[in-house]
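**Student:** One structure, as structure tokens, below. Some questions next.
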Amino acid sequence: MDNMLKPIPIEDWHLLRDLLKRQWPKYIKYYYWLNNAIRWMTTGSYRGLYQIYCPNGKYETGTFIGVLSLLMCRVVIFSFEETKELLQKSILDLPRVIHWSEVIFCAVHENLEEVLSESLKQMNILTEFSTVTICHYKTKEDCAQQLVEIPPEVYVENLDLKHVKEIHSVWPHRDKKNPELSFNFLYTLVQYNGGLGLFLKNNDRLVAWVLHSEWDGLSMLQTIDEHKKKGYGAAIVRAASKGLATEHNIDTALDVVEDNAAALKLFKSLGYQSLHKAVWVHTLGPKEKKSL
Numbered sequence: 008m009d010n011m012l013k014p015i016p017i018e019d020w021h022l023l024r025d026l027l028k029r030q031w032p033k034y035i036k037y038y039y040w041l042n043n044a045i046r047w048m049t050t051g052s053y054r055g056l057y058q059i060y061c062p063n064g065k066y067e068t069g070t071f072i073g074v075l076s077l078l079m080c081r082v083v084i085f086s087f088e089e090t091k092e093l094l095q096k097s098i099l100d101l102p103r104v105i106h107w108s109e110v111i112f113c114a115v116h117e118n119l120e121e122v123l124s125e126s127l128k129q130m131n132i133l134t135e136f137s138t139v140t141i142c143h144y145k146t147k148e149d150c151a152q153q154l155v156e157i158p159p160e161v162y163v164e165n166l167d168l169k170h171v172k173e174i175h176s177v178w179p180h181r182d183k184k185n186p187e188l189s190f191n192f193l194y195t196l197v198q199y200n201g202g203l204g205l206f207l208k209n210n211d212r213l214v215a216w217v218l219h220s221e222w223d224g225l226s227m228l229q230t231i232d233e234h235k236k237k238g239y240g241a242a243i244v245r246a247a248s249k250g251l252a253t254e255h256n257i258d259t260a261l262d263v264v265e266d267n268a269a270a271l272k273l274f275k276s277l278g279y280q281s282l283h284k285a286v287w288v289h290t291l292g293p294k295e296k297k298s299l
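In the working numbering, the protein residues as written are 8 to 299.
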């Protein structure tokens with residue numbers, strides 16, 4: 008198992024990505040994560056922050072471990088059902104290729120959760136917390152055709168970097184111990200992928216927003232408390248997903264936290280299909296061995 012993981016050249020990333028079209032849209036999240044990685048790397052904006060590793064440097068099985076070193080180590084793992092064992096061997100080799108101080112395993116498909124859990128146990132890795140989400144999906148054809156109705160008291164506009172401070176201040180998942188990390192993460196998303204906001208016409212105040220995530224989908228949907236139940240969330244989602252379809256020619260995929268009943272109800276009403284559960288696992292590194 009020595010040196011199982013090897014990086015694959017960026018010229019092969021699109022070949023790996025295209026393998027994930029199998030049983031579309033089952034693996035849409037991971038397809039679009041690779042799609043975003045290719046775009047960021049080839050534009051030069053984030054050259055060097057992404058690395059894609061495959062077993063023995065071969066992409067043909069579809070098994071990969073992707074690493075985005077953006078403020079902290081964000082890891083994406085993927086394998087088809089028939090190659091789970093290969094993925095586990097790859098995870099066990101991961102400490103050789105990354106510095107393991109604080110690592111987040113992002114959107115681990117429910118079919119691979121057991122593989123990750125067993126691997127972390129074998130490596131004696133401490134898990135701080137985990138969050139379960141449900142992946143939702145809507146076709147680009149449906150998104151392009153949907154009617155976008157904006158309430159008369161607000162207007163839609165692209166988000167600007169000046170809005171990140173306000174967005175971060177009310178983001179439920181901001182890092183309370185190291186807020187500069189989560190702030191800089193949101194700043195990067197707005198800077199390179201953008202997002203949409205709803206603003207009051209009478210004072211230009213930002214009241215709702217959604218970001219274009221590093222997964223090439225939508226994320227961080229939020230309406231400030233005093234303006235909830237006015238249809239702002241539905242309006243901004245329709246506008247943003249239509250933009251993804253017409254401007255980027257991509258389907259819309261997004262994650263909703265499992266216990267967020269209001270968001271689950273919203274996306275069901277907007278015609279989104281739930282695909283699978285995923286778990287986000289925040290690890291802190293190897294457990295200290297107790298001295299005898």
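By construction, the Cβ of each residue, glycine as well, lies at the ideal position given by its N, Cα and C atoms.
Consult DSSP for Gln280 and reduce its assignment to one of helix, strand or coil.
**Tutor:** It is a strand residue.
**Student:** Alpha helix (DSSP H) containing Leu127: first to last residue?
**Tutor:** 120-129 is the span of the alpha helix (DSSP H), which, as asked, contains Leu127.
**Student:** Any idea what DSSP makes of His289, helix, strand or coil?
**Tutor:** strand
**Student:** Count Cβ pairs between the region 240-248 and the region 186-194 that sit closer than 8 angstroms; are there 3 or more?
**Tutor:** no
**Student:** Compare the Cα-Cα distances from Asn209 to each of Val286, Val82, Tyr162 and report the closest residue.
**Tutor:** Tyr162
**Student:** Locate the alpha helix (DSSP H) running through Tyr37, then write down its first and last residues.
**Tutor:** Counting along the chain, the alpha helix (DSSP H) containing Tyr37 begins and ends at 35-50.
**Student:** If you draw a straight line from the C-alpha of Val104 to the C-alpha of Lys13, how long is it?
**Tutor:** 9 angstroms
**Student:** Leaving out the 5 sequence neighbours to the left and right, which residues in its chain are closer than 6 angstroms to Leu289 when beta-carbon positions are compared?
**Tutor:** Here residue 289 is His; the residue named in the question, Leu, does not match the sequence. Closer than 6 angstroms at the Cβ level, and outside the excluded window around His289, lie Ile111, Glu135, Phe136.
**Student:** Could you give the C-beta distance for Lys4 and Gly278, rounded to a whole number, given that I count them as a contact under 8 angstroms?
**Tutor:** No answer is possible for residue 4: it lies beyond the span of the chain, which begins at 8 and ends at 299.
**Student:** From what residue to what residue does the alpha helix (DSSP H) around Gly149 run?
**Tutor:** The question names Gly, but residue 149 is Asp in the sequence shown. Here the alpha helix (DSSP H) through Asp149 covers 147-152.
**Student:** Is the separation between the beta-carbon of Tyr39 and that of Gly240 shorter than 8 angstroms?
**Tutor:** no
**Student:** Output the boundary residues of the beta strand (DSSP E) element that contains Trp216.
**Tutor:** 213-219
**Student:** How would you label Ser298, buried or exposed, when you count the other beta carbons within 10 angstroms and need 16 or more for buried?
**Tutor:** In this prediction, Ser298 has a pLDDT of 40, which is less than 50 and means its spatial position is unreliable; nothing more can be read from the coordinates.
**Student:** From the DSSP output, in three-state form, read off Val104 for me.
**Tutor:** coil
**Student:** Just the C-alpha distance for Leu218 and Gly201, rounded to the nearest angstrom, thanks.
**Tutor:** 6 angstroms
**Student:** Compare the C-alpha of Ile17 against each of His283, Gly55, Lys33 and name the closest.
**Tutor:** Gly55
**Student:** Would you mind reading off the limits of the alpha helix (DSSP H) that contains Glu187?
**Tutor:** Per DSSP, the unbroken alpha helix (DSSP H) holding Glu187 starts and ends at 186-199.
**Student:** Mapping the DSSP letters down to three states, classify Gln229 as helix, strand or coil.
**Tutor:** strand
**Student:** What's the gap between the Cα of Thr259 and the Cα of Ile141?
**Tutor:** 14 angstroms
**Student:** Could you give the first and the last residue of the continuous alpha helix (DSSP H) run that contains Glu92?
**Tutor:** 91-99
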